[in-house]
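2 protein chains.
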Amino acid sequence: MEFPNVNQIREAAARIQPYARRTPVLTSLSLNEIFGASVFFKGENFQKVGAFKFRGACNAVFSLSPEEAGRGVVTHSSGNHAAAVALAARLRGIPAYIAMPENSLPVKRTAVAGYGGQIFLFPPNPAARDAAKNEIMRKTGAAFIHPFNDPRVIAGQATAAMELFEEVDGLEVIMAPVGGGGLISGTALATAPLSPRTKVIAAEPEEADDAYRSLKEGHILPAVSPPRTLADGLLTSLGDLTFAVIQRHVSQIITVSEKAIIEAMRLVWERMKIVIEPSAAVPVGVLLEKKIDLSGKRVGVILSGGNADLDHLPWAIPLRNAP
Amino acid sequence: MEFPNVNQIREAAARIQPYARRTPVLTSLSLNEIFGASVFFKGENFQKVGAFKFRGACNAVFSLSPEEAGRGVVTHSSGNHAAAVALAARLRGIPAYIAMPENSLPVKRTAVAGYGGQIFLFPPNPAARDAAKNEIMRKTGAAFIHPFNDPRVIAGQATAAMELFEEVDGLEVIMAPVGGGGLISGTALATAPLSPRTKVIAAEPEEADDAYRSLKEGHILPAVSPPRTLADGLLTSLGDLTFAVIQRHVSQIITVSEKAIIEAMRLVWERMKIVIEPSAAVPVGVLLEKKIDLSGKRVGVILSGGNADLDHLPWAIPLRNAP
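Protein sequences appear in the order of chains A and B. Everything in the first sequence is counted per this note's numbering, starting at 21 for the first residue and increasing by one. Everything in the second sequence is counted per this note's numbering, starting at 21 for the first residue and increasing by one.
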């Protein structure tokens, strides 16, 4: 598979434009003071389905020929990508078959079903997942849309950084979280041609640091198991395509402690009055922990999503005398 | 005291323009579906100090003559108005003396002190509050800025509705919460000249329904004591000026249950990915409870603020296995 180029990223932007939101770029004087940097947040928490994932899924679904599309699309995901594919398919008027692990959260399944996705449950292991996906493909002929290791998906995710560069000049650093690597790959592939002086930094939880170790060792390592991070969007390991993009175009991967992820998430909620999910707080945690010196710099941060579990906040104490 | 007129509201807008944020107007297809109406939310949670209160305080502080201003400003408040006056005074470079009850939250005092306000604590009763304020005025000659019963403050609060009318045409209803009445009075006084066909509705917690009963009985009733609502910004009773504006310009006051306030607050966080405080959720609760028929209507809602207590959410369950 080849890396998507800048023309394919521009085509993706045009393709998803009727469906995706152009999300706002937000700033906070109070956070700039705390971080000692000028930070420009790209609010993908305000994207359709509440996460950047809609960009890639939408680009992939609308890239299919009418004939391919007619047979529907299939994916496996327990999270935001599942909802994103289901919504994109509904917007194109084609079936979406979504393989979800049996231990996926009921609230996530409800969201997928709400977008018209047909759910197939599988026991939570990779072999069962692939078997479920292959069985659906065999029966329906549906086109598979991988959550991240797919040039169409990566080109879609790249449009978030492209929009940020259109609005903000002179960014010295751009940061995004890394899980499977779709968002950071897209970000890096948009940055190289559109803002070549901007350094691309990936942010990863210390407790799920397989991308950091993979980059160091020069080959893909499996995800940390069992996962010990709240950033539930960043649990998968890299794919061959995203790994190759990261090796070539990402300056470094910084790992972030759970304490910093939680504190960063709370700070954004408190000071910016916006809801972000733990995975989105990981690059903000880089600014907080200051393992690298970003002082005085103009920094772009992709806030990847806002689907936080409001019933289980990492810092909240229940209200005793609530009515 | 006379009601501020439309020219004074326009002057307020010009006066605060260099300091206050022009907050965004937000919409949500998913909430429109739930409410069966087209709702335009004015995001005062994104205002400086996290609440509309900055508009009124800023207008009052910058309305003072240089001579008056030189002696500083004084107010009493345990909440957003205290922070708003402190910040406005800092921006004008004058002292702010803030009388706060001894039982005010430490986090609120920290915010006021952070903006450079000088805090004077008093025992939590009206007589001690007035004594503290009068003592400060006698010693310093500072100008008093009432939290709501002041034409300069009301004219400032009116600018939120004015901005909403500039961006959204044909609103059939505009709603804001009512506590002391500064925001709803300003909203009503902006609506009468600028959008005369728009009906003004005040939203009040059932468990703090003194404005509702005051309007019914034709005279000001004291606040419900002890307060039994989460909407801690709406605990005060009306002033003579705000009561007169409400009598003349507000169509009706709708009361909202605590259950609806909590559910509305959660819905806004979940679907819009923004943080609002309980008081801001009260008009959203009107849309949820449907005591009045707003179906198919274009409805403006002033989301009054975003200073929610993130440590004590009314619905949250603590995370057992948090790191």
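A virtual CB, placed ideally from N, CA and C, is assigned to each residue, including glycine.
(request) Anything in chain B within Cβ reach of A/V295, meaning under 9 Å, just list it in chain order. (result) W289, E290, M292, K293, I294 and V295
(message) When you compare the segment 102-120 of chain B with the segment 69-80 of chain B, are there three or more beta-carbon pairs, one atom per stretch, that lie closer than 8 Å?
(response) yes
(request) Please classify A/P86: is it buried, with 16 or more other beta-carbons within 10 angstroms of its beta-carbon, or exposed? (result) exposed
(message) Can you check whether the C-beta of A/F65 is within less than 8 Å of a C-beta belonging to chain B?
(response) As written in the sequence, residue 65 of chain A is Asn, which differs from the Phe given in the question. A/N65 counts as touching chain B.
(message) Assuming contact is defined by CB atoms lying nearer than 8 Å, are A/T256 and A/A243 in contact in what I supplied?
(response) yes
(message) Rounding to the nearest angstrom, what Cα-Cα distance links A/W335 and A/A212 in this structure?
(response) 38 Å
(message) Could you compute how far the alpha carbon of B/S321 sits from the alpha carbon of A/A103?
(response) Before going on, a small fix: residue 321 of chain B reads as Val here, not Ser. Rounded to whole angstroms, the gap between the alpha carbons of B/V321 and A/A103 is 29 Å.
(request) Could you tell me whether the segment 204-211 of chain B touches the segment 232-247 of chain B, where touching means 3 or more Cβ pairs closer than 8 Å? (result) No: the two stretches stay apart, fewer than three of their Cβ pairs being nearer than 8 Å.
(message) Just to confirm before moving on: does the CB-CB distance between A/P346 and A/P144 stay below 8 Å?
(response) In this structure chain A extends from 21 to 343, so residue 346 of chain A is not present and cannot be described.
(message) Strictly under 8 Å for the Cβ-Cβ distance: is B/G326 near chain A by that measure?
(response) B/G326 counts as touching chain A.
(request) Counting only the same chain and skipping the five closest in sequence on each side, list residues whose C-beta sits under 6 Å from that of A/A32. (result) N79, A175, G176 and T179
(message) Please list, in chain order, the chain B residues whose beta carbon lies closer than 8 Å to that of A/R286.
(response) L330
(request) Put B/A342 into one of helix, strand or coil per three-state DSSP. (result) For B/A342, the pLDDT reaches just 42, beneath the cut-off of 50, and the residue's location in the model is therefore unreliable, although a value from the coordinates is still provided. B/A342: coil per DSSP, three-state reduction.
(message) In this structure, how does DSSP classify B/S211 when only helix, strand and coil are distinguished?
(response) The residue asked about is misnamed: residue 211 of chain B is Thr in this sequence, not Ser. B/T211 falls in the helix class under three-state DSSP.
(message) Need the endpoints of the alpha helix (DSSP H) that B/F74 sits in, please.
(response) Per DSSP, B/F74 belongs to the alpha helix (DSSP H) from K73 to S83.
(request) Can you pull the chain B residues whose beta carbon is under 7 Å from the beta carbon of A/G70, in chain order? (result) K293
(message) Which residues does DSSP list as the beta-bridge partners of A/K62?
(response) Bridge pairing for A/K62: A/V45 and A/I322 [DSSP].
(message) 8 Å is my cut-off, CB to CB: does A/L333 come that close to chain B?
(response) yes
(message) Please give the ranges of any alpha helix (DSSP H) in the segment 82-159 of chain B, keeping only runs that are unbroken, at least 4 residues long and fully inside the region.
(response) 86-90, 100-112 and 126-134
(request) Using 10 angstroms around the beta-carbon of B/Q67, count the other beta-carbons present and answer buried if the total reaches 16, otherwise exposed. (result) buried
(message) What does the alpha-carbon distance come out to for the pair A/V295 and A/N65?
(response) 7 Å
(message) Using C-beta distances below 6 Å, list every residue in its chain close to A/R318, excluding the 5 sequence neighbours before and after it, in chain order.
(response) S58, G190, L191 and E192
(request) Write down every uninterrupted run of the beta strand (DSSP E) in the segment 218-270 of chain A whose length is 3 residues or greater and which is fully enclosed by it, in chain order. (result) 219-225
(request) Using three-state DSSP, classify A/F185 as helix, strand or coil. (result) helix
(request) Have a look at B/L323 and B/A251 and give me their C-alpha separation to the nearest angstrom. (result) 13 Å
(message) Is B/Q28 close to chain A? Criterion is C-beta to C-beta, closer than 8 Å.
(response) no
(message) Taking 7 Å as the cut-off, is the beta-carbon of B/V270 closer than that to any non-hydrogen atom of the ligand ADP?
(response) The ligand ADP is not part of this structure, which contains no ligands at all.
(message) For B/T43 and A/M292, what's the separation of their Cα atoms in angstroms?
(response) 13 Å
(request) Determine the DSSP secondary structure at A/Q177, reduced to helix, strand or coil. (result) helix
(request) Take A/V199 and list the residues in its own chain whose beta-carbon comes closer than 6 Å to its own, dropping the five residues that flank it on each side. (result) According to the sequence displayed, residue 199 of chain A carries Gly and not Val. Correct list, in chain order: G253, L254 and T256.
(message) Helix, strand or coil, according to DSSP, for B/A40 in the structure here?
(response) coil
(message) Check whether the segment 154-164 of chain B and the segment 123-133 of chain B touch, using three or more Cβ-Cβ pairs below 8 Å as the test.
(response) no
(request) Tell me, please, whether the segment 218-228 of chain B touches the segment 303-311 of chain A by the rule of three or more beta-carbon pairs shorter than 8 Å. (result) Under the three-pair Cβ rule at 8 Å, the segment 218-228 of chain B does not count as touching the segment 303-311 of chain A.
(request) Please go through the same chain and pick out, in chain order, the residues whose beta-carbon is closer than 7 Å to the beta-carbon of B/Y135, but skip the five residues on each side of it. (result) A103, A106, L107 and R110
(request) Please classify B/M195: does DSSP put it in a helix, a strand, or coil? (result) strand
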